[in-house]
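I have placed the structure first, in the form of structure tokens, so that the comments after it can refer back to it.
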Amino acid sequence: MAHLICDTSPIQYLHLAGLLNLLPELAARVSIPRSVARELDIGRTLGVNLPDMSRMPWLTVSEPQHRHQELCDSDLGPGELDVLSLALERSNSIAVLDDKAARKMAESLQLPFMGTLGVLREAKAQGRLVTVRPIMDKLRSVGFYLSDKTYSSILTATGEIDPS
1 MAHLICDTSP
11 IQYLHLAGLL
21 NLLPELAARV
31 SIPRSVAREL
41 DIGRTLGVNL
51 PDMSRMPWLT
61 VSEPQHRHQE
71 LCDSDLGPGE
81 LDVLSLALER
91 SNSIAVLDDK
101 AARKMAESLQ
111 LPFMGTLGVL
121 REAKAQGRLV
131 TVRPIMDKLR
141 SVGFYLSDKT
151 YSSILTATGE
161 IDPS
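Using the working numbering, you'd call the opening residue of the sequence shown number 1 and step up by one each time.
Laid out in structure tokens, this is it:
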């Protein structure tokens, strides 16, 4: 099983959907960089509905050894940069990111990655979810951007609508 290294957005949206528990079910290890832990802590102190990661024994907080040269000139935030740095350092890891620029960077670095929707697809494929449609509807209702095209393509990929 892979090691998932998560950014703030997937943690936030899986929490809001009540599905944060999917992460340890899908991977042998789940971690976040210290910068993501700080973002979550700051958000919670400001009243944002975010999980208390200290109550999740399956989650580890890690620090990358260094910021990799390939990432130094990017405009990504500290959380995304640290997720990608950790993924570069750890074999058999998957970066879990929603940010489009961060996902493009992961692709250019040939790093395996997925986002919140990828977690849902994988959970459905493994039989841990019966349906993703109501979850995607819930995510949209709490501010997760999801185009109609992506919505339909996820439903098609998970067998919830006929591709024709």
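Built from N, CA and C at the ideal position, the CB exists for glycine as well. Since this is a predicted model, take the numbers as computed values, not measurements.
Anticipated Cβ contact below 8 Å, residue i with residue j, distance rounded
| i | j | result |
| --- | --- | --- |
| S31 | I5 | 6 Å |
| I161 | V132 | The Cβ separation is near 11 Å, so there is no contact. |
| A17 | L139 | 6 Å |
| L111 | L88 | 7 Å |
Candidates the options, of which the one nearest residue i by Cα
| i | options | result |
| --- | --- | --- |
| G77 | I135, L117, A101 and Q126 | A101 |
| M136 | Q126, A125, S152 and R128 | S152 |
| G118 | R67, L109, I94 and K138 | I94 |
| D7 | P112, A123, T150 and D99 | D99 |
| A37 | G79, L109, E107 and F144 | G79 |
| M56 | A157, L23 and E122 | L23 |
| R34 | T116, G47 and V83 | V83 |
| Q65 | L14, S9, L86 and H15 | L86 |
Exposed unless 16 or more other CB atoms sit within 10 angstroms - verdict on residue i
| i | result |
| --- | --- |
| I42 | exposed |
| S147 | exposed |
| L26 | buried |
| A125 | exposed |
| L20 | buried |
| E70 | exposed |
| Y145 | exposed |
| S54 | exposed |
| V96 | buried |
Bridge partner(s) assigned by DSSP for residue i
| i | result |
| --- | --- |
| T8 | In DSSP, T8 forms no bridge with anything. |
| H15 | None; H15 has no bridge partner. |
| H66 | Looking at the DSSP assignment, H66 forms no beta bridge with any residue, so it has no partner. |
| L59 | V30 |
(request) Taking only runs that begin and end inside the region 81-159, name each unbroken beta strand (DSSP E) of 3 or more residues, in chain order. (result) 93-96
(request) Only counting runs of 3 or more residues, tell me where the beta strand (DSSP E) segments fall wholly within the region 17-56, in order along the chain. (result) 29-33
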